[in-house]
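*Asks:* 253 is the number of the first residue of the sequence shown in the working numbering; add one for each residue after it.
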Amino acid sequence: MADQPTYSLQIMLPDDLNRRFARWAANTSGASWPGWGGHMTLLAPFTCVLSRGQLEAELVNAAAGHSPVPVSLTQLTVVPDWTRPVYWAVFLTPPAEGGSGLQRLRALHADIDMRLAPVRTDSFPDISKREYLPHITLALGLYEEEAHKMAGAARADKLIAKFMVDHFVLRQNGGTSEPSSASVIPLSGSPLP
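Here it is, written out as C-alpha cells:
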C-alpha cells in the first residue's frame with residue numbers, strides 16, 4: 253500500500269516578485285529561496301481522508317466565498333525558527349496594523365481550516381495552533397544576530413511585496429506511487445491563471 257499523500261496550500265508569488273526575491277536571496281548570505289517558487293503558506297502540510305477530487309471540491313467551495321485580496325507585506329520580522337528551536341527565521345509580514353487584506357486572508361485561512369478540520373491530520377500540529385500570520389520566509393536556521401542583520405539588509409534593500417491574491421495552490425507531495433502535483437484554486441470571480 254502506498255503512503256498517504258501529504259497536501260499543503262500555498263499562495264504563490266507573481267512571477268516578477270518571485271524573480272526579484274530569488275535574485276535577492278541568491279545575493280544575500282544566509283537567505284534561502286525555494287526552487288519551486290516563493291510563496292505564503294495558507295495551510296501547512298497535512299494528510300486527508302478525502303480523495304484528491306473531494307479535497308479539491310471542498311477547496312473550490314471554500315474559495316467561492318472569498319473575493320481576491322490585496323496583500324501588502326512590508327514588515328521584516330525575526331522570529332524563533334519552529335523547525336530548529338535554537339535558531340531564528342526572517343519573515344516578510346504585513347505591517348503591525350494589518351489592514352483589511354490581512355483580515356481577509358485570515359478569514360480565508362479560517363474558513364478552509366474549519367472545513368477541513370474533520371477530515372485532515374496536520375503534519376505539524378504546533379503550527380496549526382498558532383494564529384495564522386501570512387508571510388514570506390526569507391531565511392531559516394540563523395543565529396539571532398545573523399537574522400537581525402539579514403532583516404536590516406532587507407530593509408535597506410526596500411524588500412517588500414504588494415500583489416493581488418486571486419487564487420491559491422493545492423500542492424500534493426505524493427506517496428510512494430504518486431508524483432508531486434499542484435492544482436490552482438481560484439477565489440470567487442477570478443479566472444484560472
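Glycine is no exception: its CB is placed at the ideal position from the N, C-alpha and C atoms.
(1) Excluding five sequence neighbours on each side, which residues of the same chain lie with their C-beta closer than 8 Å to the C-beta of G290?
(2) For the putative contact between S324 and G351, defined by C-beta atoms under 8 Å, what is the C-beta separation to the nearest angstrom?
(3) Give me, in chain order, the residues of the same chain whose beta-carbon lies closer than 6 Å to that of V321; leave out the 5 immediate sequence neighbours on both sides.
(4) Going by Cα to Cα distance, which pick from R304, P257, Q256, W334 is closest to P377?
(5) Counting only runs of 4+ residues fully inside the region 315-381, write out the alpha helix (DSSP H) ranges in chain order.
(6) Which residue wins for smallest C-alpha separation from L390, given the options M366, R423, Q327?
(7) CB-CB under 6 Å to G404, same chain, minus the five flanking residues each way: which ones, in chain order?
(8) Would you call M253 buried or exposed, if buried means 16 or more other Cβ atoms sit within 10 Å of its Cβ?
(9) Taking only three categories from DSSP, how would you classify Q262?
(10) Do the CB positions of H419 and V330 come within less than 8 Å of each other?
(11) Assuming L214 and S260 are in contact, meaning their beta carbons sit under 8 Å apart, how far apart are those beta carbons, in whole angstroms?
(12) Drop a sphere of 10 angstroms on the beta-carbon of A362, count the other beta-carbons inside from all chains shown, and report buried for 16 or more, exposed for fewer.
(13) If you measure between the beta carbons of Q424 and P257, is that distance less than 8 Å?
(14) Here's a check: name, in chain order, each residue in its chain whose Cβ is nearer than 7 Å to the Cβ of A314, leaving out the five neighbours to either side.
(15) According to DSSP, is N425 part of a helix, a strand, or is it coil?
(16) Fully enclosed by the region 268-295, which alpha helix (DSSP H) runs are 4 residues long or longer?
(17) Just tell me which of L360, R336, C300 has its CA closest to the CA of V312.
(18) Is DSSP giving H387 helix, strand or coil here?
*Replies:* Based on what the coordinates show:
(1) M264, L265, L269, N270, F273, A274, I388
(2) 7 Å
(3) G353, R356, L357, V417
(4) W334
(5) 351-368, 377-380
(6) Q327
(7) none
(8) Residue confidence for M253 is low, a pLDDT of 42 falling below 50, so the modelled location carries little weight and cannot support an answer.
(9) strand
(10) no
(11) Coverage of the chain is limited to positions 253 through 445, which leaves residue 214 absent and any answer about it impossible.
(12) exposed
(13) yes
(14) D363, I364, R367
(15) strand
(16) none
(17) L360
(18) coil
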